[in-house]
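Here the structure is laid out as C-alpha cells; the discussion comes afterwards.
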Amino acid sequence: MSENQLLATRDGFAAGLVKAAQVNPNIMALSADLSDSLKLADFKKQFPSQYVECGVAEQNMIGVAAGLSLLGKIPFATSFASFNPARNFDQIRNIAYSNLNLKIVGGHAGLVTGEDGAIHQALEDLSLMISLPNMRLVSPADAKQAKLATLALAKDLGPSYLRLSRLAVADLELSLKNLINKREDSNKFSLDKAQVLTSGKDLTIVVSGTIAHQAVQACFELQQLGIRAELINLISLKPLDLESILLSCQKTQALLIISEEQLGSGFNAYLAQQLLNNLGEKNSKPLLTEFVAVNNTFGESGTAQQLLSKYHLDSQAILNKTLLLLKKKRKLLSI
Amino acid sequence: MKITKPAQLRNTAFKLRQDILSMIYQAQSGHPAGSLGMIDLILCLYATGILRHDPQRPTWEKRDYFLLSNGHICPALYAVLAQQKYFAREELASFRLINSRLQGHPHLLMAGENIDPKTLPGIEITAGSLGQGGSQAAGLAYGLQLAERKNHVFCLLSDGEQQEGQSWEAYMFAAHYQLRNLTFIIDYNQIQISGKTREILSLGDLKLKLIAFGLHVLEVDAHDFEDLQDKLTQAKNNKKQPVALIAHSIPGKGVSFMEDDYRWHGKAPNKREFESAMHELRIKRQNDHE
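Below you can see the structure in the form of C-alpha cells.
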C-alpha cells in the first residue's frame, strides 16, 4: 500500500488476511456471498481450500465458523455489518458465550456506506457487540491499521469483531502532517493501547474508525482558531484503554466523543458509563462532555460526505460541537 | 463400557430414565418429555460403539462427535455421559443448581486454547437457542472432510426446531458441500412446548422436504434398539451424501401419564407424580427383565 493512495479499511483487512494465511494455514475466510465487497478475491485465489462460500445465510455461516473453530481453525466470518452481526446476533452470542476463537468481520459499517441507503448503513453493530462478554471490538481508521489489526486478531485467541467501512480514506498518519501538535509516536499500533495522535490542553477528542479523518480535519480548523485538541484514536474499543483517556481528560476537563453509530447506545454509551464510574475517584476533576453521533434517526442514500454533513458527523459538526463544549468549559472554570 | 444386546440396553435405559426424572424432580425444572423420548437413541449411540469415543479422553482427536442441538433435552445426554463414566453419577444431582457444570442447557466454555473446567466433560457445543447445532455440525463436518479425517458427526435436532429457518440453511450447506461424514437426527416426537407440532406450525411432509434439500433420508423407531443400531450404523456408513435420520419417538416414553402429552415438554413432576413415575419404571424394568 503506498502512503498517499486512498484505500478503505476493507482493503487493509483483505491484505492482512492474505498475509496472515501465508504464515498460518489455519486461517479461514467465510463469506456470505459478499466476497467482492470484502475484497476477498486475492485470498480466494491464493488459498482456495481455506475459503468457504456460505451463500446468503449469515446465521448458518456463524455456526459453520463455530464448527471450524472447534477443530482449531481460525475463521473470519465476513459480511456487511448490517447482517453480520445484526441478522445473526443470536448465533454470535452463542459463540461469545463459548468464548470460541473466531472473528466476525462487519463491512460497510456506518453512514459512509453511502448510496446503498439506510438499510446497509449499520449504526447498531457496535451496540450489539459491545454488550457481549468475551468479545473484543476493533475499529481501524485506515487501511494500514486494518491490516495490522487483522494480523493481530489472527494471533489473538477468542472472539472478536472487526468493524470495516467501504469509504476510501488517506493514511491517517499522513493526514496528521498539517497538525503542529502531532505527537512523535502517533502511528504506534497496538490492540491494547489508545493512539494519542496529538497533544493539546483545550479539549480531548476521542474517535474511532474512518471518521477519525473528519476529526483530524476539525483539529486543523481548530488549530487556525488557536485551539489545541488532544486527539485520541481508538483502534480497540473493548477492551478499552480508559487510562489514556482519563489521563488526557485530567488535563483538558473537556471531552468530545465521536462515533459513527447511534447516540446513546454502543461505544459512546459504553465510554460514558466508564467515565461516570470514574467520577469522584482520586484525582478526578469535573469533566464536560459532548457527543458527535447519529441522533436517533436512520440514514438515506447519498454520498458519504453528504451524509456526514446532513447527519452532523462531518468536520464542521465536530467543530461546532467543540466550540459548544469549550463554552461550557469556560463557564465551569469561571465559577 | 460397551453394551450391544437390546435387552441390556433396554434395562440400562430404564435406569437412565429414572436418572432423568430424578434430575428434573430435584431441580423442579427441566424438560422430561424429549429427554425420555431420546434416551434410547442417545444411549444406543454411546453404548454400542456406533459413536467412536473414549470417556477417558473427551477431546480425543479420533472421536466421532455427538452434537445436541435441542439443548433442552440435556438431562438425557447428562445421564448417558454419567453412565459412560465421563463424570461421577453423583454429579447429576447438581443439575440446574448454582455453580454446576450441568447447566439447564449445556455449555462448552473455552479458556484460550483449552476447555474451561466449568465445562462438563463430553459436551461438544453450547446449545439451547434452537437451530444452531445443525450449522455447527456442518462446520465441523466440513473441516473434518477438508482435513480428510475419518470422524463422523451426529447432530440431534428436534422437530419443533425444524421451524427455525437456520436448520434448513444447514441442510442446504451440508448438501452443497456433500458432507459425507454428517448425520442429522431429527426427533420426530410431534410435540413442542405449546402443543402438537402439526397444530403449532405444521412441518408438512418432512421426509420429502429433507430429500428435496439433498439429504439421504432414513427413518427409525427410536425405541427399538435393533432398529436403532441398524439405522444409526447405516447412517454412519453412508458415504454418498449427508444423512437425515427421522427418529419416530414417543415424548415422555416410559412414563404412561407423560407419553404423547405436550404439557410435559418443560415441566417438572411434583412429589406424587415423581414417585408414581419412578415406581412405574421400576416395575417395567423388572417385567422386561423376566
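Note that the protein sequences, when read in sequence, are chains A and B.
Each residue of the first sequence is one higher than the one before, starting from 97 at the first, in the numbering used here.
Each residue of the second sequence is one higher than the one before, starting from -12 at the first, in the numbering used here.
Using N, Cα and C, we set each Cβ at its ideal position, and we do this for glycine too.
Using a threshold of 8 angstroms, state whether the C-beta atoms of residue i and residue j are closer than that.
i      : j        : result
B/Y52  : B/L127   : yes
A/L268 : A/D298   : no
A/T174 : A/L126   : yes
A/S295 : A/E326   : yes
B/H252 : B/H18    : yes
A/P255 : A/L198   : yes
B/P42  : B/Q71    : yes
A/S223 : A/Q358   : yes
A/V210 : A/G362   : A small correction: the amino acid at residue 210 of chain A is Gly; Val does not occupy that position in the sequence shown. No. Outside cutoff.
A/Y407 : A/L207   : yes
A/A311 : A/I301   : yes
A/F179 : A/E154   : yes
A/A389 : A/I341   : no
A/T246 : A/L258   : yes
B/D63  : B/M(-12) : Before going on, a small fix: residue 63 of chain B reads as Ala here, not Asp. Not closer than 8 angstroms, so no.
B/M25  : B/D146   : no
B/G366 : A/G163   : Residue 366 of chain B cannot be examined here, being either before or after the span of chain B that is shown, -12 to 277.
B/A255 : B/A69    : no
B/T46  : B/I110   : no
B/L89  : B/L96    : no
B/A125 : B/F160   : yes
A/R106 : A/G203   : yes
B/Q149 : B/L195   : no
Within the same chain, show all residues whose beta-carbon is closer than 8 angstroms to that of residue i, passing over the 5 residues directly before and after it, in chain order.
i      : result
B/H210 : D27, S236, I237, K240
A/Q349 : K381, P382, L383, L384, K425, L428, L429
B/Y249 : A20, I178, Q179, I180, S181, G182, K183, P238
B/A162 : F200, G201, L202, Q228, P229
A/N374 : L338, L342, S380
A/Q346 : N379, S380, K381
Which of helix, strand or coil does DSSP assign to residue i?
i      : result
B/D174 : strand
A/Y147 : strand
A/Y119 : In the sequence as displayed, the identity of residue 119 of chain A is Val instead of Tyr. Here A/V119 sits in helix by DSSP.
A/P171 : strand
B/G182 : strand
A/E326 : strand
B/S145 : strand
A/I301 : strand
B/Q13  : helix
A/S405 : helix
A/S178 : coil
A/T434 : Because chain A here runs from 97 to 431, residue 434 of chain A falls outside it and cannot be looked at.
B/V140 : strand
A/I341 : helix
A/K278 : strand
A/A266 : coil
A/L428 : helix
A/S127 : strand
B/L38  : coil
B/I270 : helix
A/S133 : coil
A/I353 : strand
A/V160 : helix
To which residues of the same chain is residue i closer than 6 angstroms at the C-beta, ignoring the five residues directly before and after it?
i      : result
A/E149 : S127
A/L287 : A248, S332
B/H94  : T113
B/S87  : S81
A/A214 : F394, G395, E396
A/K169 : N122, M124
A/N184 : E154, Q155, I158
A/A400 : V208, G210, L263
Can you find the residues in the same chain that come closer than 7 angstroms, C-beta to C-beta, to residue i, ignoring five residues on each side of it along the sequence?
i      : result
A/A264 : L102, L103, A104
A/R279 : V292, L293, T294, S295
A/V114 : D138, F139, Q142
B/Y164 : Y129
For this session: Go through the stretch 194 to 264 of chain A residue by residue and report every complete run of the alpha helix (DSSP H) that reaches 4 residues or more, in order.
Result: 221 to 226, 239 to 251
Exercise. Okay, do the stretch 220 to 240 of chain A and the stretch 415 to 431 of chain A touch, 3+ Cβ pairs below 8 angstroms being the bar?
Worked result: Verdict: no, contact absent.
Exercise. Just checking, does the stretch 78 to 94 of chain B make contact with the stretch 158 to 170 of chain B on the three C-beta pairs under 8 angstroms criterion?
Worked result: By the Cβ criterion, the stretch 78 to 94 of chain B is not in contact with the stretch 158 to 170 of chain B, since fewer than three pairs of Cβ atoms, one from each stretch, lie closer than 8 angstroms.
Problem set entry | Secondary structure, alpha helix (DSSP H): runs of 4+ residues fully inside the stretch 356 to 399 of chain A | The alpha helix (DSSP H) runs lying completely inside the stretch 356 to 399 of chain A and spanning 4 residues or more are 362 to 374, given in chain order.
Exercise. Of all the beta strand (DSSP E) runs that stay within the bounds of the stretch 206 to 261 of chain B, which reach a length of 3 or more residues?
Worked result: Complete beta strand (DSSP E) runs here, min 3: 230 to 235.
For this session: Please go through the stretch 51 to 115 of chain B and give each complete beta strand (DSSP E) segment of 3 or more residues, from N-terminal end onward.
Result: 52 to 55
Exercise. Are at least three pairs of beta-carbons, each pair with one atom in the stretch 108 to 126 of chain B and one in the stretch 155 to 170 of chain A, less than 8 angstroms apart?
Worked result: yes
Exercise. Does the stretch 254 to 269 of chain B come close enough to the stretch 185 to 200 of chain B to have 3 or more Cβ pairs within less than 8 angstroms?
Worked result: no
Exercise. Are at least three pairs of beta-carbons, each pair with one atom in the stretch 104 to 121 of chain A and one in the stretch 134 to 146 of chain A, less than 8 angstroms apart?
Worked result: yes
Problem set entry | Contact the stretch 29 to 41 of chain B vs the stretch 264 to 272 of chain B: 3+ CB pairs below 8 angstroms | Verdict: no, contact absent.
Problem set entry | Contact residues within the stretch 223 to 240 of chain A, judged by C-beta distance below 8 angstroms to chain C | No chain C is part of this structure, whose protein chains are labelled A and B.
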